[in-house]
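Following: one structure in structure tokens, then a few remarks.
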Amino acid sequence: MKKKIGILLLFLVIIGLAGFGVYSWNYYSRYIDVDNIYPGVRIQGMDVGGLSLEEAQQKVEDYLDELSEKTVTLQVGEKEKSFTFRQMGLRCVNEDATREAEKLGREGNIIKRVLEVQALAVRGKDIPLEFTTDADKTKKIVKKKGRSLETKKKNAQLTRKDGKFVIKDEVDGISIDFGANAQKLTELIESPDWDQQDVQFAMDYETDPAEHTADELTAVQDELGTFTTSYADSSEGRCINVENGAKLINGTLLYPGESMSVYDKVAPFNAENGYRLAGSYENGTTVQTYGGGICQVSTTLYNAVLRAELEVTERQNHSMTVHYVELSEDAAIAGTEKDLKFKNNLDNPVYIEGKTTGSSITFTIYGKEYRDKNRSIEFVSETTSTNGPSEKRVNDSSLEEGKTVVESSGRTGYTAKLWKVIYENGKETDRVQVNSSTYMSVPKVVRVGTKKPEPEKTEKKPDKKDNKKDTKKDNSKNNKKSDKKK
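In structure tokens, the structure reads:
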């Protein structure tokens, strides 16, 4: 009995296998033995089932073209710059993905292939695309676009408009390592986690903070010192030079500990820098030079600096006196030999304003008032000696002997001191010498005539004897004529 049951089971198995074989063969003939990619196969999420190899390749190429036009946006803070994947040389690493899709369900015996194809139809299979970039193109485009995201650090700026201060915030410097960021971007593209969409790429960068901030400049509100001089009687060229010098210095900002050279601010003295020819001192005489009159600019500023009580580190007086300030209140500029230099010795920034009106120049120094309101100062010029001009006589052969002409009246020389007088509640409490000055005297020049007078010319008188002879001859002739008529 058992033997019969075993034979029966074997028979059934054979019948089953035969039936499955027939089914498999029919399934194979209908669904497997075809040229197209089997259903359920995807490439990077794209359904390629039922497509020929060429159709699948075209579909992938279209996808890559579309992907190449998607963008990478470089970000540094709120600033952005974009470019396409094509510009960084994006390319697919596994270009044979379509052939891999085509091979699915085509290897092994019929049964194995039928089972695999059925599994594809049920569960599907996705073949991911892999990408990389051209290293040189990526670095080049990242640098080209990223440069505009870099910034040079800038200190806060202070200007004065319509009598009010305007503060512009500081800017921190930003520097970018473009090579490192290009490598980081490439690694993102090569990662299997990339969703193959537009990329928002936050760049790595280093910050270089500004040295001076807007908060520091809010302290600049008070007038610390001001001074005005007149150039109303100056020539046109000198007026232009004074106004140009004021413009070049206007807006200067000095932080605590910083120094300023007037020469460095106003030089060079040439037409290209806005100057005209005008009179200036040279070796005891007045000559025409570009920038003539610039000393009035430095002198006016010097007096404003004194009243703000900043630290004067260099100052020289003129060789001769000037008319627009008292003795020892002047500050000369002569190349690098004579300069006005001073230092902000205060705890807060100071701002220098230079203004001209067409007839006067004013410098005002602003900062944070640090002096007691009951304290005041004034500056007093003291003449310590006077040296009148000597007389220099110069022979002049073009001038008649005995005559004299005053060519120049000369200048008186002086020595002087400048004092700072300090008051508390209106009473003098101290007197401090600020400087001392020596002004040369210039001789009076007198031209003395040396030309000798020319002798007078006289007319020659006719000889009396000759006159008598001529008279006799004339009378004789007249008598003869008379006789003939008769």
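Heads up: the sequence shown begins at 0 in numbering that gives the first Met the number 0, then just goes up one per residue.
Yeah, the Cβ is synthetic: ideal placement off N, Cα and C, and Gly gets one too.
Note that the coordinates shown come from a computational prediction; the quantities given were computed from them, not determined experimentally.
Assuming contact is defined by CB atoms lying nearer than 9 Å, are residue i and residue j in contact in what I supplied?
i, j, result
"E381", "S440", "no"
"G290", "Y274", "yes"
"Y262", "N343", "no"
"T72", "T132", "no"
"A96", "A155", "no"
"S258", "K136", "no"
"A330", "L300", "yes"
"G49", "V121", "no"
"L355", "E242", "Note on identity: in this sequence residue 355 is Thr, with Leu being the wrong assignment. Going by C-beta atoms, T355 is nearer than 9 Å to E242."
"E308", "L223", "yes"
"N347", "V219", "yes"
"L509", "K450", "The chain is shown only over 0 to 485; residue 509 falls outside these bounds and no answer can be derived."
"I487", "Q43", "Since the displayed the chain opens at 0 and closes at 485, residue 487 lies outside it and no answer follows."
"N180", "V141", "yes"
"E106", "R98", "no"
In three-state DSSP terms, what is residue i?
i, result
"F268", "coil"
"E186", "helix"
"I126", "strand"
"E205", "strand"
"K340", "strand"
"Y350", "strand"
"I140", "helix"
"Q117", "helix"
"E310", "strand"
"A303", "helix"
"S147", "helix"
"A333", "strand"
"T298", "helix"
"G162", "coil"
"G178", "helix"
"L326", "coil"
"L216", "helix"
"I293", "helix"
Please list, in chain order, all residues of the same chain as residue i whose beta carbon is under 7 Å from its beta carbon, the five residues on each side excluded.
i, result
"V116", "Y30, I31, Y37 and G104"
"N93", "L128 and E129"
"S229", "Y323, S358 and S359"
"P191", "P127"
What are the partner residues of residue i, as DSSP defines its beta bridges?
i, result
"Q315", "Partner(s): none; Q315 has no beta bridge."
"E427", "Y422"
"E169", "None, per the DSSP bridge assignment."
"A415", "T382 and S436"
"I360", "T228 and T355"
"Q287", "G278"
Near residue i, what residues of its chain come up, given a Cβ to Cβ distance below 6 Å and the 5 sequence neighbours on each side ignored?
i, result
"S375", "Y422"
"G387", "T411"
"P208", "D171"
"V47", "I36, V40, A55 and A100"
"A303", "G224, T225, F226, F362 and I364"
"R430", "W418 and V420"
Looking only at its own chain, which residues have a Cβ that is under 8 Å from the Cβ of residue i, when we skip the five neighbours before and after it?
i, result
"K144", "L73, K80, S81 and F82"
"T428", "I421 and Y422"
"E400", "G448, T449, K450, K451 and P452"
"T251", "M259, K264, Y350 and I351"
For chain B, is any of its Cβ atoms less than 9 Å away from the one on residue i?
i, result
"T137", "The structure shown contains no chain B; it holds only a single protein chain."
* Starting from the N-terminal side, write out each stretch of the beta strand (DSSP E) that is 3 residues or longer and does not extend beyond the stretch 220-278. => 221-229, 251-253 and 258-260
* Asked: Whole beta strand (DSSP E) runs in the stretch 364-406 with 3 or more residues, listed along the chain?
  -> 374-386 and 390-399
* Scan the stretch 39-110 and note each continuous beta strand (DSSP E) run of 3 residues or more that stays entirely inside, going in chain order. => 40-42, 70-75 and 78-83
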